[in-house]
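Numbering (my numbering), first residue to last: 1 to 254.
Glycine included, C-beta positions come from ideal geometry on N, C-alpha and C.
Keep in mind that this is a model prediction, so the values were computed, not measured.
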Amino acid sequence: MTFFCTLLFMFMVFWRPQEWLVPQLYGWPLLDVVVGVAVLAFLVEVREKRIRIPKGPVPWLLLGLVIASAMSHVPHTYFVGMIDAIADTWKICFFTFLFFSVLDRPKRLRAVARVFVVMTCVMAVHALLQKYRGYGFVGQRPMWVMRPSLEEPIIRTLFFGIFEDPNDLAQILVTAIPLCFVITKKPGPWSVLLSILAASLLVAGFLTTHSRGGMVAMAAVIGVGVLLMLPRRWFLPLLVVGALAALVMLPMLG
């Protein structure tokens, strides 16, 4: 039950269905209800020993992040900001802890990857509709912006909710590309074909955003992929070279 609730929470945060898919639910505290049910289910499953609280540094690091975000406002005595920071950071850290606790087996990791890929593929289709049809789901239109370097307006696609910005949409599409290659359990020609098709759709959707930050993310994804395929002894030298190259590229990216 906890795992299902965390998947449902992830789906609702990503897509914000109450804002466009089911507008009749707009204003309802759906996320709070899902989190509440997830917490109750988590406590029950911990008591029944179906879920084990993870050991190691992760829980302490998350707690440290909450404390650090609050303490960052103490030097300038902004106590309202401190309270707000605790509330905002706590939500993120608690969900991370919950997710970290329930993802205790490969089957669940693959399920999360599948949900992630399916959601982002739908987002990519929405972006392509905006690009070639002029509007996406429920009539949402893209942004028209003028790039001085191109001397002509360009279309920048976007989604709903927290991805109602071309840069945010680009980042999430790029992040999902590596997950396309782990959604199938057994490797084979059909699995490879499905992974390539899903990754190609995400790349096509990403290109419609015209996001420079997304380009940096794509370079990072490709770089990490190359590093993982090379011998381990090459990791540190190539990491240093990549970091230096990134420092050189930063001024050109603005």
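Please report how far the alpha carbon of residue i lies from the alpha carbon of residue j, in whole angstroms.
i    : j    : result
L171 : A217 : One detail in the question is off: residue 171 reads as Gln in this sequence, not Leu. Going by the C-alpha atoms only, they are around 7 Å apart.
W144 : H126 : 16 Å
V241 : P231 : 16 Å
W15  : I67  : 30 Å
P178 : L202 : 10 Å
Q18  : W234 : 48 Å
L26  : K91  : Strictly speaking, residue 26 in this sequence is Tyr, with Leu absent from that position. Going by the C-alpha atoms only, they are around 21 Å apart.
I222 : R47  : 43 Å
L247 : V22  : 45 Å
D104 : R110 : 11 Å
Under 7 Å Cβ to Cβ from residue i, same chain only, skipping five residues before and after it: list those, please.
i    : result
P54  : F100, S101
F97  : P59, L62
G214 : N167, A170, Q171, V174, F206
V138 : W20
Do residue i and residue j have their C-beta atoms closer together than 7 Å?
i    : j    : result
A266 : S69  : Any question about residue 266 goes unanswered here, given that the chain covers just 1 to 254.
I162 : A113 : no
L40  : M12  : no
A176 : V117 : yes
V115 : L7   : yes
H73  : M82  : yes
F160 : W28  : no
C5   : V33  : no
F42  : T2   : yes
Keeping to the same chain, check which residues put their C-beta closer than 8 Å to that of residue i; ignore five residues upstream and five downstream.
i    : result
F181 : S195, A199
T209 : A127, R156, T157, L158, P166, N167, L169, A170, L173
C93  : L62, L63, L65, V66
E45  : M1, T2, I51
In or out: residue i buried (at least 16 other Cβ within 10 Å) or exposed?
i    : result
M123 : buried
S24  : Per the sequence presented here, residue 24 reads as Gln, with Ser not at that position. The residue is exposed, with fewer than 16 neighbouring Cβ atoms inside 10 Å.
P153 : exposed
A38  : buried
G188 : exposed
I51  : buried
Give me, in chain order, the residues of the same chain whose beta-carbon lies closer than 6 Å to that of residue i; leave out the 5 immediate sequence neighbours on both sides.
i    : result
Y135 : R141
M249 : none
S191 : T184
A243 : none
Does residue i have its Cβ less than 7 Å from a Cβ in chain C?
i    : result
L228 : In the displayed structure, chain C is absent; only one protein chain is listed.
message: At 4 residues or longer, what runs of the alpha helix (DSSP H) sit wholly inside the region 35-84?
response: 58-71
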